[in-house]
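Just so we're aligned, residue 1035 is where the sequence shown starts under the working numbering, counting upward by one.
Below you'll find the structure, written out as C-alpha cells, and then a few comments.
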Amino acid sequence: MKGRIHSTESFGTVDGPGIRFVVFFQGCPMRCKYCHNPDTWDFSGGTERTAEDLMREYDSYKEFLKSGGITATGGEPLAQPEFLAELFRLAKEKGVHTCLDTSAGVYNPDSHEKIDEVLKYTDLVMLDIKHIDNDCHRELTGIGNRNILAFAEHIRDLGIPVWIRHVVVPNITDKYEELFTLGEYLSTLTNLKALDVLPYHDMAKPKYAELGIEYPLGDTPPLTKEEAIKARNTIIDGIKFGLHKQN
1035 MKGRIHSTES FGTVDGPGIR FVVFFQGCPM RCKYCHNPDT WDFSGGTERT
1085 AEDLMREYDS YKEFLKSGGI TATGGEPLAQ PEFLAELFRL AKEKGVHTCL
1135 DTSAGVYNPD SHEKIDEVLK YTDLVMLDIK HIDNDCHREL TGIGNRNILA
1185 FAEHIRDLGI PVWIRHVVVP NITDKYEELF TLGEYLSTLT NLKALDVLPY
1235 HDMAKPKYAE LGIEYPLGDT PPLTKEEAIK ARNTIIDGIK FGLHKQN
C-alpha cells in the first residue's frame, strides 16, 4: 500500500510529546485562510511512499526519538485512512507512540469505519478546532464544523486523549464570546489533556506568492503573545464555567 506524502521531519518538537518523527500527508479538503502549508492541498502532489519505507526512515532516527514517536499531520492525514492505519499499525508493532494531528474535516459520523481503524492504533489526537461557530467556521475554512465536533465527541467516547489546538486570528477568532463558548464546549471533553492557543502569523505569505496564490488574509497583523495569553485565559474561563454548570 502506498500513500501520498508531502515530506517528513526527523526532529519535530511541537507535534506531540517528546521528539517526533513527523509525516506530512499530501492533500487537504479544507482551505483555511491562515493555512501555512498551501503546498499540501493538492491530492495529486507529493511523493508515493509505503508505510514500510516510512518506518525504515523512522528507524534511522529512533535513537533520538525514544521519548517521542510518530506524528501524522498534513495536509489532512485522515483523507488517506487506509494508509494511515497501516502506518500506525506498524508503529504500534514496534511499540512506537502514535499521534494524529488532524482538523477532522473528512470525518462522517454516519460512515467512519475506516477512520475507526486508524483510531485503533492512535495513542493521541491533536485536534484543530478552527472556530466554534458553524457559519464562521465555514467562512474561515470552506466547510462547517459539525462533523469536526462530532469527531471530537467520538474520540471522547473512545477514551483517546486529545490535545486541542486553536489559532487566534485578529478580528476573526479573537472575540470574547466565541472564545468563552469554545471553552464551554471543551469542558464536555473528558479526554482533554492539553490546550494549545496559537497566535496567528503571516510567515507563509512568501509561499503563497511563490505558488501564485493570493494570500486570503491580506495585511491582517500577527497576533501578539500577550493577546494569545489573553485568549487562552478566556477559553480556560469558559472551561471552568462549563465544568461548574455540569456539577
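Glycine included, each C-beta is placed from N, C-alpha and C at the ideal position.
| Check | Outcome |
| --- | --- |
| Minimum C-alpha distance to Ile-1273 - residue among Tyr-1234, Tyr-1242, Ala-1184 and Leu-1229 | Leu-1229 |
| For Lys-1233, the residue or residues it bridges with in DSSP | One point to set straight first is that residue 1233 is Pro, not Lys, in the sequence displayed. In DSSP, Pro-1233 forms a bridge with Val-1202. |
| The segment 1201 to 1210 in contact with the segment 1088 to 1106 per 3-pair CB rule at 8 Å | no |
| Cβ shell of Lys-1036 (< 6 Å), same chain only, five flanking positions each side left out | Glu-1082 and Thr-1084 |
| Outcome for Arg-1090 when other beta-carbon atoms lying within 10 angstroms are tallied against a minimum of 16 | exposed |
| Rounded C-alpha distance that separates Ser-1137 from Glu-1248 | 23 Å |
| Residue range of the unbroken alpha helix (DSSP H) whose run includes Thr-1175 | 1168 to 1175 |
| Residue range of the alpha helix (DSSP H) that includes His-1188 | 1180 to 1192 |
| Buried versus exposed call for Ala-1243 [16 or more other C-beta atoms within 10 Å across all chains shown] | exposed |
| Cutoff 6 Å; reference Glu-1086; Cβ partners in own chain excluding five residues on either side | none |
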